[in-house]
Structure formats: C-alpha cells, structure tokens
Amino acid sequence: MDKVFASIIVDISAESLNKPFIYVIPNELVNEIKEGDKVIIPFGVNNKDKEGYVLEILDFEQLKEKKFYQNDEYFKKNDFVDKLKVIKSLATKKIAVKQILFKIAIFLCREYSAPIQNCIKTVLPVKRIVRKNKKQVDAISKYNINDDDKKTREDIVLNDEQNKIIKSVLINYKKGTFSEHLIYGVTGSGKTEVYLKIIEEVIKDGKQVIVLIPEIALTHQTVIRLKEKFSENIAIIHSRMSEGDKYIQYKKCEDGKTSILVGPRSAIFAPFDNLGLVVMDEVNDSSYKSETIPRYNTIDVARFRCKEQNATLITLSATPNIDLYYEANRKDNDISLYKLTKRASSTLPEVLIVDMKEEVKSGNKSVFSKVLIEKINDRLDKKEQVMLYMNRRGYNTIFTCKNCGNTYKCPHCDVALVSHSDGMLKCHYCGYEIREPMLCPICKSSEIEKYGMGTEKLEEMCIDLFPNAKVLRMDRDTTSVKDGHDKIIEKFRNGKADILIGTQMIVKGHDFPNVTLVAIMRADLSLYTESYKASEDTFALLTQCVGRSGRKISGESIIQCYDSDSFVYDLVKEQNYEKFYNEELKQRKKLSYPPFSKLLNIRVGANNEAYLSTFMQNLKVVLDNKNDTNAKILGPTKTNPEKVKDIHFKKIIVKCSSIDEAKKYRTISKKFKEYSDKRNLLKIIFDIE
C-alpha cells in the first residue's frame, strides 16, 4: 500500500509551532483518520506524546505539490519518507473538527493573524466528550412556556412592513446562494416576529439555523419564543453551561437531532453541515467582538460561513453599527436594507431628561430625582413594573482616606477597588480582593470615606425608599450561579418582583410586557470615554434602555444626567436613529474615522514598564519609516487601564485608508516583535476597526 500522509498542527500554543508538520498515517488507521480529527503523535527530540489536529490528508504527489519540502531532488536524495514519524493513534474522548469548522479556523488564522492552534480551539465550543449523567436532562426542557403568552402571540397579525421583508428575504434564500440582509427597526417593532417566520420556512426546507444573541441573559427570552413555535427542535450553548450540558447540546447539532441552535457568539461554530440561515440579533452589540485570541468579529465569521455554505445572513438592530449601516446604504453594496418604522403593538415611550445638577441645587443630593421617585410610586400603585439601569456593579466605587487622600487601588491592575456589601474591596478586572480596612495603611487614619455607587447600593436605597416593593438585582455578582440569569428573568417576567435593577444585561433586547417605566441612573458614564465611538455607544445603549418601556401598554423613560446639553440625549428622546447616524457620519468624515478609514490598534503588554516604553518608541520608528502611504501613526499612548494583572500596556493607532493597508502595518508590527526580548515582551494584540 502506498503511504498516506497527514499535515498536522501540534496542539501547543506557541508561535514557532504555528505551522503544519508531516506525519505518516499507519496502514491500520488510513480508513479511520479524517481531516479535523485529533491524534496522538510523537513530537520533538524526545518524541513525547502530544496531541495534534489533522489539517489535511495527502498522498505522495499531493505532498510534493504542497511544497512542504524544496524540490524533487530533495525527495530522492534524502529518502525523507522513511525518516518521517508515524501517527500513534486517534485521541480518545475528543471532539473532531468538522470540515466547515476547519475552514473557519483557517479563515480566523489568516484574517486575524492568530496562531492556528488558538483558532482550532476557538471553533470547538465543546472540547471533549462527556459521559451522560443519569440525572442529566436536556437544557431545553428547563424553559417553561406560559400558555397565556403563547396564545396571545399566536393571534399576532404581521403588518405590511413585516410581510414585505419576509417575502424579500425568502425570495433571496430560495436562490440557494449567499445573501445578506440588515433589518433596522425601532424598539418593539416586531423584528423577532419577522425572523421567526423566516426560520419557519428555512427549517421546512430541511435546512439548519443559528440564532446569535449578544448576552447570555437573552437566552431565556429567545429560547421561549423559539420553543413556542418550534417545540423541542432547539439547542442552546453558552459559557455558563456545564461541560455535560454543552456536550449534549453539541451532539444534538452534530447528529442532526435539532435544526436550531441559540447562543452568544460561539454558537456561530455550530457543527451544522446543512446550514441555511444565520440570524444575528442586536448586531450592534460590542460583545460580538471576541476579547481573546483570535480577536474576531462575529459578523465577519458569519459572512464567511454563510458564503461557504450558501446560506442567508440576517442582522437586526434598533441601532445598527455606523459602519454596517453605512455599507448597507451604499449604492454598490451587497447588503439588503429593510426598515420597520413603528412599534408592533404600542407606541414609543415618552422620554424625560432630568438634569441632576438642578436636583442638587434644589437640595436633593440623592441619586433618585424627585420626578423619578414620584413616577416609581405611581407605577407601584398601578401594579406595573419598573427597571433601573446602573452600569456599575458593587456598592461604593471609590474607597479613599480623607486625611491623606490615599485611594485603594488593586496592586495588580491600575484601577480602584470597588466596595461590596459583604465588606470586601474587589477588583473587577483580576478578581483580587481584601477586607475593608479600619485604618488607612498609609497614614493610619480612621477617616475613611466611600464615594460613588454601584448596583448593590442602588438596590439598598431602593428598598429603603420603596419598602413595599419587591426588588431584584441582576449583575455579574447575582448571575454567577448556574442558571442565574434565567431564574432572575423568569421571576421578574412572572410578576414576582416590582423593580429590576441591573447593568447592561437587563436592557439588551428584553421584552417585559408589564414594564412601563425605565430609568437610566447615570447616563453620562459612557459619553466621555476616550473612544471615537463614545457617542455611538451611548446612543445605542440609551435607545435600548428606553426601548424596554411600554412594549405592550404606554410607558415612560427617564434619563438622569449631569450634562444635559449633548445632542445624543435629544435624539434618544426622539428615538431618531437616522438623524443621529447622519450627524455622527459628518463628524467621522471630518476626522477621517471609520467608515472613512480603517484603524489598526496595536496594544502591547509587558511585565517591565521601562522595557515596554523603549519597545513602543522603537516600534513607532519602524512604522514611521515604512510609512510610504497616507497612513497616520498615532502614539504611543497609555491605555485605560494602564495595568491589568501585573502587565503594563501601551498602544499605537495606525489610521489607514483601507483594510489591506491596515493588514500591512499589522504584519510589520508582528515581524518587529520577533526581534524583541522574549523575557520582557509578553503579548501584542491587534484590532482592526
């Protein structure tokens, strides 16, 4: 039998191993091993057993064509085949990588300049086989349908706008080729009803569907809506599930026992061979961008996958990303743009902007404005529900000594420790915590004061102000237990609480019919960050917050801020995305920010601050010397925060005219890293916007 070879990526996350190695497949495994399988191989000088992924299976001629070696003479002279090592066995209890997922891994490697090992691990949301526990039940069965809600929704009649979108998308879908559709609609306009109807037609056609959501907190609502319509023909997957639960859900997809997978961004790696549709809900959300290597944008992966499998991509939002909306409005674009201009079952809420400086002048130093207290009491009397948004968790956000001014900071991160109600000071970046001291460690004074507030303190104040109300809090602290999100959401939806307090996870896409008042406690917090997207992020966040109110009966929203002059607040009040988009686009064009340019963010971290400064200055020189185009090199500057987990960070931004130019500068930066001192330089992170 002629020898068969495998190109294998060794499962070691080292850049020097970011390339394939050639092994011989033994005769007894030739019919067993497939591309994507995990195998055991002898590796290195000592031939230690290592795991590796089979990238390709090749015969002798294909091996030569791939040019793994120099030329035909090299093959003849060195008799290299006899010197090649042989695969030992298939790795047991490991998930194989499907061919489509392997293609995606290679795409991630190429597009984001990431080690192939990291990319392969990324496309496997489930890493290993887990034996099913007798007590283990399908996660879908935990989601209970309210029959009254289901009947109400069965009576829904779609309007002309919705029906036109459904018809247009399905016409494109039935062509059997890739197409992309952006559905922009005001909050509560029935975007979910549109994509549910499209999903129904796709699965009737025998195809499979991925529904992406930005937050785990949205799993409950999304699964309920899908389960009402498609019964048990659903799977879910997210990071808070146990390994056993994740494996069961993954196998349902792999074995063809389900047609629909719901989950956050990792669900895009579903093991579906017959994919027909990908739905990205709340496409504007920043959580669709991975913060670990490879730092991928989910929409880019979704586009690549849909093109590979001739599937349809639908993105939806009340506040689409500026870049995406700009592309969809271009005459030569490949994205179909649709608009839903009115709410499906109610009117948009009235919005009141409260200047908290005026509250202070009138003698009210509370975080609750007088009008907010009045309106909360009114809703409680009417047995209606209230949501209060505060984008900081914890109790107090600053813990400082009045005598010497010492502020308690994390010793490992350049951030203030946050006081929690359990008497602990905690770092929300690395998890470091200490008990609140009685005396200042610097001057030994007992004059310690706490400033600022988070969701814990807001909850306490709420209980004091409204003693007869039942209050729930939803943030990272209260949802850390298994099914934490679902339990809180279900309790609030079923009317077992009057007021829901929380961080961003409570305001993204939720539909609570009895909520008639939503308040944003500190709207300024996101407006004055260093990001060029500060206005866009704030507008999107506030619009989503406001949109949670009055989804079935008329409602109101209150925006409390200390700077009421920003144009963002007025446009949120009007719920006028189009006007905001046009204003923001003018500013972006004037300053040459995306979508009129591409930004390469080069963030470098080292354990030695002095070495980092020298490295960044040298990198700046290298980039400047290569600058034979219109690119503009900005920095190096400090990051915020400057230190995380004992690693110091600085950044350089390269403003480029195109994506290709940005990738060129990324390549230059990566090559320069190879000349650095490996003892000090720990990581270099690239982001292209």
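Counting from 1 along the sequence shown, just add 13 to a position and that's the residue number in the numbering used here.
Each residue gets a CB set at the ideal place from its N, CA and C atoms; glycine is no exception.
| query | result |
| --- | --- |
| Contacts around I701, its chain only, beta-carbon distance under 8 Å, and the 5 residues preceding and following it disregarded | K611, L612, L613, N614, I672, A675, K676, R679 |
| Contained alpha helix (DSSP H) runs [length at least 4] in the stretch 485-572, N- to C-terminal order | 497-506, 547-559 |
| Every unbroken alpha helix (DSSP H) within the stretch 240-307, with a cutoff of 4 residues, ordered by chain | 256-267 |
| DSSP three-state assignment for N310, whether helix, strand or coil | strand |
| Reference I312, options L538, V139, A644, I226, closest by Cα | I226 |
| Boundaries of the alpha helix (DSSP H) in which M369 is found, first to last residue | 369-374 |
| Backbone secondary structure at L625 - three-state DSSP | helix |
| Where V667 sits in the DSSP three-state scheme | strand |
| Runs of beta strand (DSSP E) wholly within the stretch 349-430 (minimum 3 residues, chain order) | 363-368, 398-402, 411-414 |
| Contacts around Q630, its chain only, beta-carbon distance under 8 Å, and the 5 residues preceding and following it disregarded | P649 |
| Contacts around S434, its chain only, beta-carbon distance under 6 Å, and the 5 residues preceding and following it disregarded | Y408, E469 |
| Inter-stretch contact (C-beta, 8 Å, three-pair minimum) for the stretch 128-140 and the stretch 99-117 | yes |
| Q75 versus N40: straight-line alpha-carbon distance, rounded | 18 Å |
| Per DSSP, the bridge partner or partners of G198 | L353 |
| Element boundaries [beta strand (DSSP E), containing K210] | Per DSSP, K210 belongs to no beta strand (DSSP E); it is in the alpha helix (DSSP H), 204-217. |
| Cross-strand partners of G65 (DSSP beta bridge) | V23, V52 |
| Nearest to G522 (by Cα), restricted to the options D477, L538, I502, K509 | I502 |
| Coarse secondary structure for C574, derived from DSSP in three states | strand |
| Boundaries (first-last residue) of the beta strand (DSSP E) holding R448 | 446-448 |
| Candidates N323, G436, V431, of which the one nearest V215 by Cα | N323 |
| Distance between T642 and V67 (C-alpha atoms, nearest Å) | 41 Å |
| Alpha carbon of F628 to alpha carbon of S689, nearest angstrom | 8 Å |
| Proximity to A315 [Cα-Cα], best of K500, R308, I306, I327 | I327 |
| Y445 versus H425 - alpha carbon distance | 8 Å |
| Backbone secondary structure at K90 - three-state DSSP | The predicted model places K90 with a pLDDT of 49, which falls under 50 and marks its position as unreliable; any figure quoted below should be read in that light. Looking at K90 - three-state DSSP - the assignment turns out to be helix. |
| Beta-carbon proximity of C475 to I519, cut-off 8 Å | no |
| V236 in three-state terms, based on DSSP | helix |
| Beta carbon of E596 nearer than 8 Å to that of F580 | yes |
| Beta-carbon proximity check, N620 vs L538, cutoff 8 Å | no |
| Sub-8 Å separation of Y309 and S303 beta-carbons | yes |
| Member of V657, E174, K16 whose CA lies at the smallest distance from the CA of K98 | K16 |
| Cβ contact (3+ pairs, closer than 8 Å) linking the stretch 112-125 and the stretch 280-291 | yes |
| Helix, strand or coil at V617 according to DSSP, with G and I counted as helix | strand |
| CB of L636 within 8 Å of CB of V667, strictly | yes |
| Start-to-end residues for the alpha helix (DSSP H) that takes in V581 | 580-587 |
| F685 (DSSP reduced to helix, strand or coil) | helix |
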